[in-house]
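**Q** Going by the numbering used here, the sequence shown opens with residue 4, and the numbers climb by one from there. The beta carbon of each residue, even a glycine, is placed where N, CA and C say it ideally should be. Please find one structure pasted underneath; my questions will follow.
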Amino acid sequence: MVIAVSACLLGENCKYDGGNNLSEKVRAYCEGHEVIPICPEVMGGLPTPRIPAEIVNGIVINKEGRIVDREFRSGAEAAFRKITEAGAEACILQSRSPSCGVKEVYDGSFTGKKIPGMGVFVRMVKDAGIRLIDVEDLGEDV
Ligand code: SF4
Numbered sequence: 004m005v006i007a008v009s010a011c012l013l014g015e016n017c018k019y020d021g022g023n024n025l026s027e028k029v030r031a032y033c034e035g036h037e038v039i040p041i042c043p044e045v046m047g048g049l050p051t052p053r054i055p056a057e058i059v060n061g062i063v064i065n066k067e068g069r070i071v072d073r074e075f076r077s078g079a080e081a082a083f084r085k086i087t088e089a090g091a092e093a094c095i096l097q098s099r100s101p102s103c104g105v106k107e108v109y110d111g112s113f114t115g116k117k118i119p120g121m122g123v124f125v126r127m128v129k130d131a132g133i134r135l136i137d138v139e140d141l142g143e144d145v
């Protein structure tokens with residue numbers, strides 16, 4: 004199976020703070036499968052490290068108030084193209100990211116409050132018939 008994975012879960016230092024979310028659970032699950040790493044934010048031309056961003060009334064804005072929606076959307080489009088060209092059947096994605104969040108995102112207040120919702124990349128992929136798995140759920144239903 005071809006599986007697209009948030010690159011930060013594979014140990015790539017592409018998180019907003021320059022770190023990663025390396026997951027042993029993801030590594031073990033992906034063994035024997037073809038893995039396509041994607042980081043929609045980096046693919047959208049954003050630097051690492053970068054100012055954290057949240058979705059505010061449907062628009063992605065960073066903590067300094069700069070609108071970064073265009074970068075998020077073009078990165079999501081590039082990542083979507085990459086995974087569809089590769090024939091990905093599933094995506095394993097980092098929780099609560101404004102790009103990769105599958106079930107929840109932060110509410111736009113930069114206070115750590117979570118709300119039901121999905122990131123910009125996930126919103127783009129959700130109707131494409133590709134299975135979307137929040138890393139926190141990995142192993143429960145897969
Ligand atoms: S955009 Fe996705 S892959 Fe990139 S750092 Fe954020 S959660 Fe990880």
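With a cut-off of 8 Å on the beta carbons, I'd call C94 and I136 a contact; round off their distance for me.
**A** Working through the sequence shown from its first residue, we reach residue 94 at position 91. Working through the sequence shown from its first residue, we reach residue 136 at position 133. Right, their Cβ atoms sit about 7 Å apart.
**Q** Suppose you measure from the CA of V145 to the CA of C33; what does that come to, to the nearest Å?
**A** Walking along the sequence shown from the start, residue 145 turns up at place 142. Walking along the sequence shown from the start, residue 33 turns up at place 30. Below a pLDDT of 50, predicted positions are generally treated as unreliable, and V145, at 46, falls in that range; no measurement from the model is reported.
**Q** Under three-state DSSP, which class holds E3?
**A** The first residue shown for the chain is 4 and the last is 145, placing residue 3 beyond what the model contains.
**Q** Roughly how many angstroms lie between the CA atoms of G48 and E74, to the nearest whole one?
**A** By one-based count along the sequence shown, residue 48 stands at place 45. By one-based count along the sequence shown, residue 74 stands at place 71. Take the alpha-carbon of G48 and the one of E74: they are about 6 Å apart.
**Q** Let me know the secondary structure DSSP gives V145 once reduced to three states.
**A** For the purposes of this step, residue 145 is taken as residue 142 along the sequence shown, with counting starting at 1. Because the pLDDT at V145 is just 46, under 50, the model does not fix this residue reliably, and the value given afterwards should be weighed accordingly. Correct three-state label for V145: coil.
**Q** Do you know how far the Cα of I64 is from the Cα of K28?
**A** Translated into positions along the sequence shown, residue 28 becomes position 25. Translated into positions along the sequence shown, residue 64 becomes position 61. When rounded, the distance between both Cα atoms is 31 Å.
**Q** Do you know whose CA, among F83, G111 and I54, lies nearest S9's CA?
**A** Residue numbering aside, residue 9 sits at position 6 when the sequence shown is read from its first letter. Looking at the Cα atoms, F83 is the closest of the given residues.
**Q** From this set, E107, L96 and G120, which residue's C-alpha is nearest P43's C-alpha?
**A** As a working mapping, residue 43 is identified with position 40 in the sequence shown. When each option's Cα is compared against that of P43, the closest is L96.
**Q** Quick one: using the 10 Å Cβ neighbour count with 16 as the cut-off for buried, is E37 buried or exposed?
**A** For the purposes of this step, residue 37 is taken as the residue at position 34 of the sequence shown. Counting Cβ neighbours within 10 Å, E37 comes out exposed, since fewer than 16 surround it.
**Q** Note down the Cα distance separating G140 from R30, rounded to an integer number of angstroms.
**A** The residue given as residue 140 occupies position 137 in the sequence shown. The residue given as residue 30 occupies position 27 in the sequence shown. Strictly speaking, residue 140 in this sequence is Asp, with Gly absent from that position. Taken atom to atom, the span from the alpha-carbon of D140 to that of R30 is near 14 Å.
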